[in-house]
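Residue numbers (the UniProt record's numbering), protein chains in the order written: chain A, 1 to 163; chain B, 1 to 741.
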């Protein structure tokens with residue numbers, strides 16, 4: 001048994017220490033957002049945040065996560081109470097198939113946590129490890145800019161209206 | 001409800017001709033319908049004429065719309081819901097959409113060819129409008145008022161005196177179980193409230209909050225995880241397997257072997273992955289060197305035996321050319337490269353097989369899987385669940401077959417199979433390599449006098465049905481042979497899609513050299529042959545414009561009679577700020593291209609600005625401006641999203657992508673060996689301008705951008721560098737070599 005802290009809660013996980021975090025999140029904790037894309041750390045669809053940093057969960061074994069805080073997209077907000085970045089992606093309609101989007105959002109969230117007002121060039125550089133095949137990139141960029149504005153707005157939290 | 005209502009259907013549809021009412025088909029599967037006599041019905045109603053195949057209203061007022069097409073991320077689930085809501089006069093939210101499921105929906109074949117709006121959207125449009133007409137007629141009968149005096153709003157028929165009858169009250173006695181009529185009481189586009197609006201996609205909220213949105217996210221009770229050990233190369237035979245150690249791994253449930261098909265099932269997913277690696281190490285395969293020389297692919301292809309079709313010929317001996325040029329363009333094999341590897345869940349219980357799959361064709365795939373398993377089709381149900389974007393025939397059908405074959409060995413237990421990255425890259429059926437040879441002459445006035453276009457290509461669809469289309473069936477001990485490939489028929493075509501010029505040339509000849517032999521596994525990839533044919537044709541138009549000393553946009557317009565085509569060309573040029581002198585900043589170039597997809601679907605013109613680093617050869621699309629005419633617009637943001645995506649994806653194909661292989665194995669098996677566009681190459685801006693055509697047929701926009709985007713980019717690179725590059729991909733190295741030459 002390994003204790004894993006995910007989205008603020010401790011979970012007792014019965015998995016081998018070499019198990020990549022992704023499989024534990026998806027199967028043991030039944031969290032959908034992080035996706036299997038390559039298992040090689042090449043595409044970013046499995047991206048989650050560990051202690052404030054974007055991490056590719058498909059190549060991060062459980063054994064490295066003792067005492068660390070894991071955040072997934074589910075930990076940011078919900079359908080009823082979406083986080084600014086979730087609102088931003090909905091408002092910009094920033095998805096086609098959407099398979100890569102959760103990973104994009106988590107990498108962007110990590111950027112916005114340490115740099116609330118990133119430039120366009122900084123956003124592009126940050127998202128470099130993440131692949132999108134539908135060609136939704138322009139919308140993803142717009143959504144990250146929008147998320148930055150939403151987070152910056154004092155009443156972002158109170159205004160939960162999603163069109 | 002006020003008890004049973006006896007309906008006189010002739011009075012309900014007075015003057016509309018005989019109605020064929022059949023209750024015997026009620027509950028029978030939708031695919032067994034026979035169309036009635038008379039004029040062809042619109043869209044997929046032609047094959048499935050019963051209104052309640054498309055629209056159902058329950059007595060409690062619930063409204064359901066059905067489509068046999070599969071949502072692939074193109075957003076039509078939302079668009080169809082808009083269509084149904086608009087024509088029924090109900091709120092958008094009041095309609096529930098059911099998509100491709102062999103138990104519930106019509107057999108609309110594949111979700112492909114930008115046909116969804118045209119086929120299924122049109123069927124829903126007319127079915128919903130006719131359903132509304134029937135409801136009004138029924139209300140008129142009950143209220144004893146002329147139908148013209150009634151109006152509909154918010155799922156009710158309303159009389160001038162304020163009396164209302166809800167749709168649910170009116171649907172007694174299977175009022176919608178009637179065959180459609182050739183014409184429908186469609187709403188005037190001027191009164192649209194839902195159609196034409198950028199209604200937000202219904203699927204996006206779940207996708208950005210961690211909801212279960214994909215087949216990959218399914219978790220059925222008792223579900224187990226399987227992984228397939230695929231052969232290392234085409235045709236490899238499993239000659240030795242020592243599976244004893246893998247069988248003993250705790251948590252491994254079963255090793256499934258059938259000839260060259262090998263898979264392992266485990267309680268937990270990562271254990272299945274580890275067992276797969278162990279099993280692969282324990283397997284010995286006999287491989288054969290059967291792949292062609294990648295570096296000589298155009299020669300290999302054009303020397304293969306071909307069936308030759310003269311698909312277009314126009315002659316006007318009064319016009320002769322004075323200056324002639326010719327050119328050859330090539331395209332390599334290219335990968336769909338879905339971000340999520342293919343996945344399926346299957347369960348074999350009580351003699352019935354259920355497969356949840358992201359296939360593009362639940363019915364054809366069901367036929368293939370049933371044939372593979374030796375089961376009657378009615379005992380096999382395929383339910384479409386979204387997967388990662390596919391852009392054509394990727395591993396979806398194969399993964400569904402894998403899951404079904406493995407699930408049969410474990411009755412009762414749901415089996416989830418997901419491919420590994422290297423399996424998706426190594427085994428998906430690629431977009432076919434192609435060669436085009438063009439020659440044309442200009443007359444003394446600088447117009448094209450004659451035009452010759454020849455294309456060499458495989459087929460562009462090896463989709464199931466036929467079990468032999470499935471990898472698992474090919475690999476089984478009692479294996480199924482790969483079906484013989486066929487050229488896809490014109491006017492849509494396959495390898496020859498968009499090979500016939502839309503321009504008006506006095507002399508024009510187009511040859512399609514159909515190559516039956518398939519050195520690599522290939523099938524349908526977004527736009528089929530149109531990607532390369534439009535790249536070739538529109539590149540060559542620029543070469544001819546150069547020769548004529550003409551502006552590329554003016555040169556195109558000079559040869560283009562189609563008014564809607566001219567409109568998108570003019571719109572894209574104007575919005576881009578296209579100028580005759582094509583003055584671009586240093587190391588930048590401007591390019592233009594246009595096509596009407598399949599010469600019968602959506603029109604698309606794209607102007608591009610590219611920057612080229614002369615030191616490295618690196619090219620980046622800086623900005624693109626597109627104009628598109630997809631007929632009546634249902635969701636403008638949906639069209640914009642499709643065109644934006646087409647431009648970016650096509651830029652990736654055009655600049656970077658080529659399947660790599662040695663004489664035995666595919667060697668591009670991940671994102672390192674098959675690089676695609678990353679954020680450092682994303683344009684600064686993409687603008688899409690839609691020309692709406694209210695009341696006109698839906699034309700479908702999913703694939704119209706692929707060809708023009710490629711040619712526009714290639715033309716911009718030629719403008720920036722002064723060098724014409726004709727072999728895809730137009731890679732950094734090719735640009736650098738051309739600059740240095």
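The C-beta atom is built at its ideal place from N, Cα and C for all residues, glycine as well.
Measure the Cβ-Cβ separation of residue i and residue j and say whether it is below 9 Å.
i, j, result
"residue 73 of chain A", "residue 105 of chain A", "yes"
"residue 180 of chain B", "residue 45 of chain B", "yes"
"residue 151 of chain A", "residue 85 of chain A", "yes"
"residue 111 of chain A", "residue 92 of chain A", "no"
"residue 100 of chain A", "residue 35 of chain A", "yes"
"residue 499 of chain B", "residue 593 of chain B", "no"
"residue 66 of chain B", "residue 105 of chain B", "yes"
"residue 341 of chain B", "residue 534 of chain B", "no"
"residue 284 of chain B", "residue 246 of chain B", "no"
"residue 683 of chain B", "residue 628 of chain B", "no"
Give a yes or no on whether the minimum CB-CB distance between residue i and chain A is below 9 Å.
i, result
"residue 421 of chain B", "yes"
"residue 678 of chain B", "yes"
"residue 597 of chain B", "no"
"residue 670 of chain B", "yes"
"residue 93 of chain B", "no"
"residue 337 of chain B", "yes"
"residue 268 of chain B", "yes"
Less than 8 Å between the CB atoms is what I'm expecting for residue i and residue j, so what's the real figure, rounded?
i, j, result
"residue 601 of chain B", "residue 721 of chain B", "Actually they do not touch by this definition, with Cβ atoms about 33 Å apart."
"residue 185 of chain B", "residue 266 of chain B", "The pair is not a contact, with the Cβ atoms about 58 Å apart (cut-off 8 Å)."
"residue 291 of chain B", "residue 663 of chain B", "5 Å"
"residue 256 of chain B", "residue 81 of chain B", "Contact flag wrong, Cβ pair sits at about 41 Å."
"residue 69 of chain A", "residue 74 of chain B", "Their Cβ separation, rounded to whole angstroms, is 37 Å, which puts residue 69 of chain A and residue 74 of chain B out of contact at 8 Å."
"residue 22 of chain A", "residue 65 of chain A", "Rounded, the Cβ-Cβ distance is 12 Å, inconsistent with contact."
"residue 366 of chain B", "residue 382 of chain B", "5 Å"
Leaving out five residues on either side along the sequence, give the residues of the same chain with a beta carbon under 6 Å from the beta carbon of residue i.
i, result
"residue 110 of chain B", "360, 361"
"residue 22 of chain B", "Unreliable placement is indicated for residue 22 of chain B, whose pLDDT of 29 sits below 50; no coordinate value is reported for it."
"residue 88 of chain B", "128, 132"
"residue 521 of chain B", "429"
"residue 630 of chain B", "602, 639, 699, 701"
"residue 723 of chain B", "738"
"residue 582 of chain B", "590"
Quick one: what's got a C-beta closer than 7 Å to residue i's C-beta in the same chain, skipping five residues either side?
i, result
"residue 616 of chain B", "732, 736"
"residue 176 of chain B", "51, 52, 55, 56, 57, 131, 134"
"residue 71 of chain A", "7, 48, 49"
"residue 259 of chain B", "475, 476, 477, 479"
"residue 422 of chain B", "669, 670"
Can you check whether the C-beta of residue i is within less than 9 Å of a C-beta belonging to chain B?
i, result
"residue 8 of chain A", "no"
"residue 56 of chain A", "no"
"residue 139 of chain A", "yes"
"residue 82 of chain A", "yes"
"residue 115 of chain A", "no"
"residue 164 of chain A", "Since the displayed chain A opens at 1 and closes at 163, residue 164 of chain A lies outside it and no answer follows."
"residue 4 of chain A", "no"
"residue 149 of chain A", "no"
"residue 73 of chain A", "yes"
"residue 93 of chain A", "yes"
"residue 79 of chain A", "yes"
"residue 102 of chain A", "yes"
"residue 125 of chain A", "yes"
"residue 155 of chain A", "Here residue 155 of chain A scores only 45 on pLDDT, less than 50, and its place in the model is too uncertain to base an answer on."
Between residue i and the rest of its own chain, which residues show a CB-CB distance below 8 Å, the 5 nearest in sequence each way excluded?
i, result
"residue 618 of chain B", "612, 732, 735"
"residue 412 of chain B", "222, 347, 348, 349"
"residue 95 of chain B", "63, 64, 65, 81, 84, 85, 88"
"residue 410 of chain B", "224, 253, 254, 265, 348"
"residue 492 of chain B", "113, 598, 600"
Open item on the list: Quick check: the stretch 469 to 488 of chain B against the stretch 531 to 546 of chain B, are at least 3 beta-carbon pairs closer than 8 Å?
Closed with: Look at the beta carbons and you see the stretch 531 to 546 of chain B not touching the stretch 469 to 488 of chain B: under three pairs across the two are nearer than 8 Å.
Open item on the list: For the structure I just gave you, are there three or more beta carbon pairs, one from the stretch 571 to 587 of chain B and one from the stretch 675 to 695 of chain B, closer than 8 Å?
Closed with: With contact defined as three or more Cβ pairs closer than 8 Å, the stretch 571 to 587 of chain B and the stretch 675 to 695 of chain B are in contact.
Open item on the list: Using 8 Å as the cut-off, can you tell me whether the stretch 267 to 278 of chain B makes contact with the stretch 297 to 311 of chain B, which would need three or more C-beta pairs spanning the two stretches below that distance?
Closed with: Here the stretch 267 to 278 of chain B does not lie against the stretch 297 to 311 of chain B, with fewer than 3 beta-carbon pairs under 8 Å apart.
- [ ] Could you say if the stretch 462 to 469 of chain B and the stretch 510 to 526 of chain B meet the contact criterion of at least three C-beta pairs nearer than 8 Å?
- [x] Yes: the two stretches touch, three or more of their Cβ pairs being nearer than 8 Å.
- [ ] For the stretch 436 to 456 of chain B and the stretch 326 to 339 of chain B, state whether three or more C-beta atom pairs, one from each stretch, are separated by less than 8 Å.
- [x] Result yes; three or more Cβ-Cβ pairs closer than 8 Å.
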